[in-house]
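Only one structure is covered here, and it is reproduced in the block below.
Residue numbers (UniProt numbering): 1 to 160.
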């Protein structure tokens, strides 16, 4: 199953980018054994519109244009649910087993994702109630994708 991480904004060189790359590489290696593709990364420029609603609209249009319409969208959103790692892995496994072409984990810009984009998401996820910088959200997502692949593979990385 195809796995895509789509983000508004670009990670600059530095520790966050290195950590994301390390976890996504691990997820790709482990994922092969459980029919999850190596995560692909799509980075889009932030909108230069002045008003937040206009920025969210522009960024949503860019995301829709960049994403394969066959992908199920998982929107990273502060209003989303916060599943356990086991539940997250089980959901990915269920989508894979149900024959989904793939999933796209979408991280919006500084203003978040447009309401109409959120409405088309198959799921909305949050990493807790706190607000996180977008760079940290990417690190958390990359680690959880790796962790999910290890859970699905029965690998001991994930310990309860």
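The beta carbon of each residue, even a glycine, is placed where N, CA and C say it ideally should be.
query = Helix or strand or just coil, what does DSSP make of residue 67?
reply = On the chain shown, residue 67 is found 67 positions in, with the first residue counted as 1. It is coil, neither helix nor strand.
ask   = Given residue 37, which residues of its chain have a CB within under 8 Å of its CB, disregarding the five upstream and five downstream residues?
value = Counting from 1 along the chain shown, the entry for residue 37 is found at position 37. Contacts found: 1, 2, 3, 28, 31 and 102.
ask   = For residue 108, which residues does DSSP report across the bridge?
value = Residue mapping note: residue 108 aligns to position 108 of the chain shown, counting from 1. For residue 108, which the question treats as bridged, DSSP gives no partner whatsoever.
request  = Could you tell me which residues DSSP pairs with residue 73 in its beta bridges?
outcome  = Taking the chain shown and counting its residues from 1, the one referred to as residue 73 is at position 73. Per DSSP, 104.
ask   = Count the other CB atoms within 10 Å of the CB of residue 131; is the residue buried (16 or more) or exposed (fewer)?
value = The residue given as residue 131 occupies position 131 in the chain shown. Per the 10 Å Cβ criterion, exposed.
query = Which runs of the alpha helix (DSSP H) spanning at least 4 residues fall entirely within the segment 5 to 63, listed in chain order?
reply = 15 to 31
ask   = Going by the CB atoms, is the gap between residue 153 and residue 33 shorter than 8 Å?
value = Residue 33 sits at position 33 when you count from the first residue of the chain shown. Residue 153 sits at position 153 when you count from the first residue of the chain shown. Yes. Within cutoff.
Backbone CA spacing between residue 84 and residue 17 [nearest angstrom] = As a working mapping, residue 84 is identified with position 84 in the chain shown. As a working mapping, residue 17 is identified with position 17 in the chain shown. Near 25 Å, if we compare the C-alpha coordinates of residue 17 and residue 84.
ask   = Looking only at C-alpha atoms, which of 56, 47 and 136 sits nearest to residue 115?
value = On the chain shown, residue 115 is found 115 positions in, with the first residue counted as 1. Cα-wise, what sits closest to residue 115 is 56.
task = Have a look at 156, 151 and 123 and flag the residue whose alpha-carbon is nearest the alpha-carbon of residue 80.
result = Position 80 of the chain shown holds residue 80. The option with the nearest alpha carbon to residue 80 is 123.
query = Can you tell me the Cα-Cα spacing of residue 143 and residue 54, whole angstroms?
reply = The residue you call residue 143 lines up with position 143 of the chain shown. The residue you call residue 54 lines up with position 54 of the chain shown. The straight-line gap from Cα to Cα measures roughly 32 Å.
request  = Tell me residue 123's beta-bridge partners as DSSP assigns them.
outcome  = Against the chain shown, residue 123 aligns to sequence position 123. Beta-bridge pairing links residue 123 to 74.
Per-residue DSSP class, three states only, for residue 93 = The sequence position of residue 93 within the chain shown is 93, counting from 1. In this structure, residue 93 counts as helix in the three-state DSSP scheme.
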